[in-house]
């Protein structure tokens, strides 16, 4: 993913926070928006595609492997 992915995560988290009536984003907002913000920014190698990997599955595993800070 490119640096724009980080920008998309930040903007998405802020938007999600506003949707829920907050003027600040929390770590769970980032987790919730990560898959939609990143799925089209990740390109699998030909080898990964042949092996049957899917972008959503790989990103979901990655997101789950990162410990979310608690406030």
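In my numbering, the protein residues as written are 1 to 71.
Yeah, the Cβ is synthetic: ideal placement off N, Cα and C, and Gly gets one too.
All figures in this text were calculated on a predicted structure; none of them were measured in a lab.
Boundaries of the alpha helix (DSSP H) in which residue i is found, first to last residue
i	result
residue 6	3 to 19
residue 64	55 to 65
residue 35	27 to 38
residue 50	46 to 50
CB contact flag (residue i, residue j, <7 Å)
i	j	result
residue 41	residue 13	no
residue 50	residue 39	no
residue 44	residue 29	no
residue 37	residue 9	yes
Presumed contact (8 Å Cβ cut-off) between residue i and residue j, rounded CB distance
i	j	result
residue 26	residue 71	6 Å
Which of helix, strand or coil DSSP assigns to residue i
i	result
residue 22	coil
residue 70	coil
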